[in-house]
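Please read the structure below before turning to the comments.
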Amino acid sequence: MLAYLVKRVFQAIAVMFAISLIGFAIQDNLGDPLRALVGVSVSEEVRDQLRDELGLNDGFVTQYLRFLGNALHGDLGTSYFFKEPALDVILKKMPATLELVLGATLIIVGLSVPLGVYTAIKPKSILSGIIMGLSIVGISIPVFLTAILMIFVFAVNLGWFPSYGRGEVVHVFGSWDTNFASFDGLMHVLLPSVALASIMLPLFVRLIRAEMMEVLQSEYVKFAKAKGLRPMRIYFVHALKNTLLPVITVGGVQIGTMVAYTILTETVFQWPGMGFMFLEAVNRVDTPLIVAYLIVVGFIFVVTNTIVDLIYGLVNPTVNLARMGA
Amino acid sequence: MSLLSVRDLTVKFAMRDQTVTALNQISFDVRRGERLGIVGESGAGKSITGFALMNLLSQPGYIDSGHVMFGGEDIVRFSDAQMRRIRGNRMAMIFQDPMVTLNPVLTIGQQMVETLRAHRKLSRAEAEQISILKLREVYIPSPEERLEQYPHELSGGMRQRIVIAIALLLDPELIIADEPTTALDVTIQADIMDLLLELCQSNKVGLILITHDLGVVSQMTERTLVMYAGRIIEAGPTRQIINDPQHPYTQGLINALPQQTLPGHRLKQIPGNMPSPAALPAGCPFHPRCDFAVDICRRVRPEIMRFAEVEIACHEVSRLHGIPYKEESA
Ligand SMILES: Nc1ncnc2c1ncn2[C@@H]1O[C@H](COP(=O)(O)OP(=O)(O)O)[C@@H](O)[C@H]1O
Ligand SMILES: [Mg+2]
Chain A
666 MLAYLVKRVF
676 QAIAVMFAIS
686 LIGFAIQDNL
696 GDPLRALVGV
706 SVSEEVRDQL
716 RDELGLNDGF
726 VTQYLRFLGN
736 ALHGDLGTSY
746 FFKEPALDVI
756 LKKMPATLEL
766 VLGATLIIVG
776 LSVPLGVYTA
786 IKPKSILSGI
796 IMGLSIVGIS
806 IPVFLTAILM
816 IFVFAVNLGW
826 FPSYGRGEVV
836 HVFGSWDTNF
846 ASFDGLMHVL
856 LPSVALASIM
866 LPLFVRLIRA
876 EMMEVLQSEY
886 VKFAKAKGLR
896 PMRIYFVHAL
906 KNTLLPVITV
916 GGVQIGTMVA
926 YTILTETVFQ
936 WPGMGFMFLE
946 AVNRVDTPLI
956 VAYLIVVGFI
966 FVVTNTIVDL
976 IYGLVNPTVN
986 LARMGA
Chain B
1399 MSLLSVRDLT
1409 VKFAMRDQTV
1419 TALNQISFDV
1429 RRGERLGIVG
1439 ESGAGKSITG
1449 FALMNLLSQP
1459 GYIDSGHVMF
1469 GGEDIVRFSD
1479 AQMRRIRGNR
1489 MAMIFQDPMV
1499 TLNPVLTIGQ
1509 QMVETLRAHR
1519 KLSRAEAEQI
1529 SILKLREVYI
1539 PSPEERLEQY
1549 PHELSGGMRQ
1559 RIVIAIALLL
1569 DPELIIADEP
1579 TTALDVTIQA
1589 DIMDLLLELC
1599 QSNKVGLILI
1609 THDLGVVSQM
1619 TERTLVMYAG
1629 RIIEAGPTRQ
1639 IINDPQHPYT
1649 QGLINALPQQ
1659 TLPGHRLKQI
1669 PGNMPSPAAL
1679 PAGCPFHPRC
1689 DFAVDICRRV
1699 RPEIMRFAEV
1709 EIACHEVSRL
1719 HGIPYKEESA
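For the protein sequence lines, the chains are A and B, in the order given. When the letters of the first sequence are read in order and numbered with the numbering used here, they come out as residues 666 to 991. When the letters of the second sequence are read in order and numbered with the numbering used here, they come out as residues 1399 to 1728.
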C-alpha cells in the first residue's frame, strides 16, 4: 500500500515538473516583463541594466531553476494587473470555481447513475430512447452555447433564474464564500452548474449504460439469476458495483477536465472564478497570472487523478495495492 | 413419479434475418435422486437445454413450445416470481468456469448469505452458520475465513467447490452441472467429479451432468442422453449406451475415446463437423458424416423410437430391429 502510494506520488511530481517547464517556457517567450515594469519611455541602457539585475540575461536553465525554486515557495510571480502575487489572486478566485465544479459534479453523480442504470436494464423502453436521444444532443452542443441558450430561456424569457454573478454568498472562512447556504446563492449556482454538467452528464449516462449492459451479460450475473435473487439485488448489488469501478477512473479524470471547461461557463455567466479571471488575464497579457493559472489547474488535475487512482485501488478488491507498488 | 419431465421442448433463437431452432422437441425424464448425463459435441444444444430447464435463456433465445414438468407443475408457464422461488432453491446450477461464475467484488460470505436469504427467513448470523457447514461439506479448509475472502484470493478448484456449496445451500432436488470441470486443471478434475458424485448420492439430489466426456458420464451417471444438432438421438441406461452404442454417432464418440485406441494409433475422430442449427441438412442431421447413410437418411428425418430400454433416432437401427421405413406413412 505504502509503496504504491509513494510510486503514485512520484508520478504526480514528475507530471508537475513537466507542467512547470511548460509554464516557464510560456513566461520566457510571452510578453516582456520590463515593459510591464517600466513602460516604453525608458532608454535601452537602463533596460539592459534592469535585465541584468532581474536575472533576465541568465541562461534558460538558471532562470528555470530560479522559477522552480520560487514556485516551490509558493511564489508564482506577481500579476501585472493586480500588482499582487499571482497565487493570491488565483486562490481568492478558486472557491467560486470549485463551487461551480461541485454543483456540476452533484448533478452528474446524482443523475448519471439512475439514468445510466435505467437505460441499461430497460434498453427498449420509450423513456430510454428519449434519454439516449437527449444525451446525443447534450454531447453535441458546445458548453458556451448551452449556457447562452439557458440564459436566454430560463433567465431572460421565463425569468426563473438570475443570469449572472454569484448572488448572495455566505462567508465560510478565509476567502471561501459559499453559494450553497442561501436560496439566492443556490438559484445563482444552478444554471451555471447545469451548463457545466451539460457535456459530462450525457457522457456519463452513456458510459454507465454501456458498462452496465456488458456486466449484465456476464457469467456472474447469470449465476446470480440462477440463485433466485431478485432483479433489484442483481442490478444494484451485483451489477452496479462492477459497473462503477471503471467509471470511477474515467469519471475522476473528467472532473479534473471540468475545471478547464469552467473558463467558458464562468465567462458566459460572469461567474467571478478563476476561469473568468484567466480569460481576463489573457486579454491583458498578464503573463505571470496566465502561467500561475496553468500551474494551479495542472496541480488540481494531478491531485484529483492521484486520489481517484488511490480510491479505485481501495474499492476494487482485485487490485492489490501492495503488489502494484512493487 | 418423475422429478423432472421434459416434453417436446423446443428452443428458438430469433436472429436478425431468421429464427433458428436450437432445441428441437426434446423429451426426457429425471427421477428423484437420479443422475442423468447429457453428452454431445460442442454446439449440440447441451447448455441451452440446461438454461431452458431453469427458464433462464437470455435474449434472443426463448422457449417456443413444450413442457418442463418439475414436481408436477409446468414451470415453462411460471411467472418470474414463481420461477425465482425455484431457482437456487429447488433447482440449482453449476457453471462451467468458476473463474467467472462468482462476482469479483463480493465476498464469498456475501454471495452465500444472499442466496440463503433470498429463499428463507434467516438472520445474517444464521445464514453464515449454514454457509460454513456447506463449505465444510465440500471440504474447504477453515471455512470461517473463506467467508471474508474475495473470489480472486482462491484457486480455480477452490472456487468451483464454493460454487458447488452454493448450489447445495438450500438442499435442492435437482442440480444442473454444465461441464463443471472443463475449465479446471486436469489434476483436480477428478476430485471435483468425485465430490459432486458423493454429495449427490449422500443428499439424494438429482443431477443433470452436461459434458462432452463419455468417460465422465460412465463414471457419474445412471442414464445418458446423446445430443446432436439440437436433438436427442440416443437415450438410455448409461451402461448400455457405453457398452453397446446403437446410433452411428454414439458409436463414433465411443470409438474416439483414448482407451479405444491402440497405442501409437491416431484417435479415431468422426470426420466432418456438426452442422449449425441455422444450416441443417435435409433428412437425418448426421447423414453427411455417417458411414451407413442410405437414400432415406438423406430425405427423411428419423423419429426417435424405443427399443426395449433405449431410444434411438436412426433409420438403420430401426431397420435392424425389423421396423423398415415405409414411404407412404411419412
Ligand atoms: N446467444 C445465442 N444466439 C444465437 N444462437 C445461439 C446462442 N447461444 C447458443 N446458440 C445456438 O445454440 C446452439 C447450441 O448451443 P449450446 O447449447 O451452447 O451448445 P453446447 O452443446 O456446446 O453447450 C449453438 O450451436 C448455437 O447455434
Ligand atoms: Mg456448453
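By construction, the Cβ of each residue, glycine as well, lies at the ideal position given by its N, Cα and C atoms.
| Item | Value |
| --- | --- |
| Closer than 7 Å by C-beta to residue 804 of chain A: which residues in its own chain qualify, once you throw out the five before and the five after it? Chain order, please. | 864, 867, 868 |
| Ignoring anything shorter than 3 residues, give me the beta strand (DSSP E) runs that lie fully in the region 887-950 of chain A, in order along the chain. | none |
| Applying the 10 Å Cβ sphere with the 16-neighbour rule, what's the burial state of residue 1585 of chain B? | exposed |
| Quick check on residue 1512 of chain B - is its C-beta less than 8 Å from some C-beta in chain A? | yes |
| Quick check on DSSP: helix, strand or coil for residue 1456 of chain B? | coil |
| Have a look at B:1715, B:1678, B:1694 and flag the residue whose alpha-carbon is nearest the alpha-carbon of residue 1702 of chain B. | B:1715 |
| Rounded to whole angstroms, what's the CA-CA distance from residue 944 of chain A to residue 894 of chain A? Just pull it up for me. | 55 Å |
| For residue 800 of chain A, which of A:873, A:842, A:761 has the nearest alpha-carbon? | A:873 |
| Relative to the alpha-carbon of residue 1590 of chain B, which residue among B:1722, B:1567, B:1570, B:1560 has its alpha-carbon at the smallest distance? | B:1560 |
| Scan the region 780-805 of chain A for residues whose Cβ lies nearer than 9 Å to a Cβ of chain B and list them as they occur along the chain. | none |
| What three-state label does DSSP hand residue 1410 of chain B in the structure shown? | strand |
| Report the start-end ranges of each beta strand (DSSP E) in the region 702-746 of chain A that is 3 residues or longer and not cut off at the edges. | none |
| Can you determine whether any heavy atom of ligand 1 sits closer than 7 Å to the C-beta of residue 1418 of chain B, and answer yes or no? | yes |
| Could you pull out every unbroken beta strand (DSSP E) segment of at least 3 residues lying fully inside the region 1677-1726 of chain B, listed in chain order? | 1703-1705, 1708-1710 |
| When the Cα of residue 841 of chain A is compared with those of A:849, A:848, A:831, which residue comes out closest? | A:831 |
| Measuring from the CB of residue 1400 of chain B, is there a heavy atom of ligand 2 at a distance below 7 Å? | no |
| Assuming residue 1425 of chain B is part of the beta strand (DSSP E), what are its boundary residues? | 1417-1428 |
| Any beta carbon from chain B within less than 8 Å of residue 884 of chain A's own beta carbon? | yes |
| Indicate whether residue 913 of chain A and residue 973 of chain A have their beta-carbon atoms separated by less than 8 Å. | yes |
| Who are the near neighbours of residue 725 of chain A in its chain, counting only those whose CB is closer than 8 Å to its CB and skipping five residues on each side? | 693 |
| Where in the region 1523-1588 of chain B do unbroken runs of the beta strand (DSSP E), each at least 3 residues long, occur, reported from the N-terminal end onward? | 1572-1576 |
| Who are the near neighbours of residue 925 of chain A in its chain, counting only those whose CB is closer than 7 Å to its CB and skipping five residues on each side? | 962 |
| Taking 7 Å as the cut-off, is the CB of residue 887 of chain A close to at least one heavy atom of ligand 2? | no |
| Within 8 Å (strictly less), CB to CB, does residue 875 of chain A reach chain B? | no |
| Can you list, in chain order, the stretches of the alpha helix (DSSP H) that have 4 or more residues and sit fully within the region 759-844 of chain A? | 791-805, 808-815 |
| Spatial neighbours of residue 900 of chain A within its chain, please: C-beta separation below 7 Å, excluding the five flanking residues on both sides. | 782, 786 |
| I want to check one thing, is the minimum distance from the CB of residue 1452 of chain B to the heavy atoms of ligand 1 below 7 Å? | no |
| Bridge partners for residue 1491 of chain B per DSSP, in chain order? | B:1574 |
| Please state the DSSP three-state secondary structure of residue 990 of chain A. | Caution applies to residue 990 of chain A, whose pLDDT of 44 falls short of 50 and renders its modelled position unreliable; the model cannot decide the point. |
| Give the straight-line distance between the Cα atoms of residue 1728 of chain B and residue 1666 of chain B, rounded to the nearest whole angstrom. | Because residue 1728 of chain B sits at a pLDDT of 45, beneath the cut-off of 50, its placement in the model cannot be relied upon, and the point is left open. |
| What does residue 895 of chain A touch in chain B if you count any residue whose Cβ is under 8 Å from its own? | 1482, 1516 |
| Identify whether residue 1728 of chain B lies in helix, strand or coil by the three-state DSSP scheme. | Caution is warranted here: a pLDDT of 45 is assigned to residue 1728 of chain B, below 50, making its placement in the model unreliable, and no coordinate value can be reported. |
| Does any CB atom of chain A fall closer than 8 Å to the CB of residue 1557 of chain B? | no |
| Based on Cα-Cα distance, which residue from B:1505, B:1440, B:1472 lies nearest to residue 982 of chain A? | B:1505 |
| Check this for me: beta carbons of residue 1621 of chain B and residue 1454 of chain B, under 8 Å apart or not? | no |
| May I ask you to list, following chain order, the residues of the region 1558-1572 of chain B that have a beta carbon less than 8 Å from some beta carbon of chain A? | 1561, 1564 |
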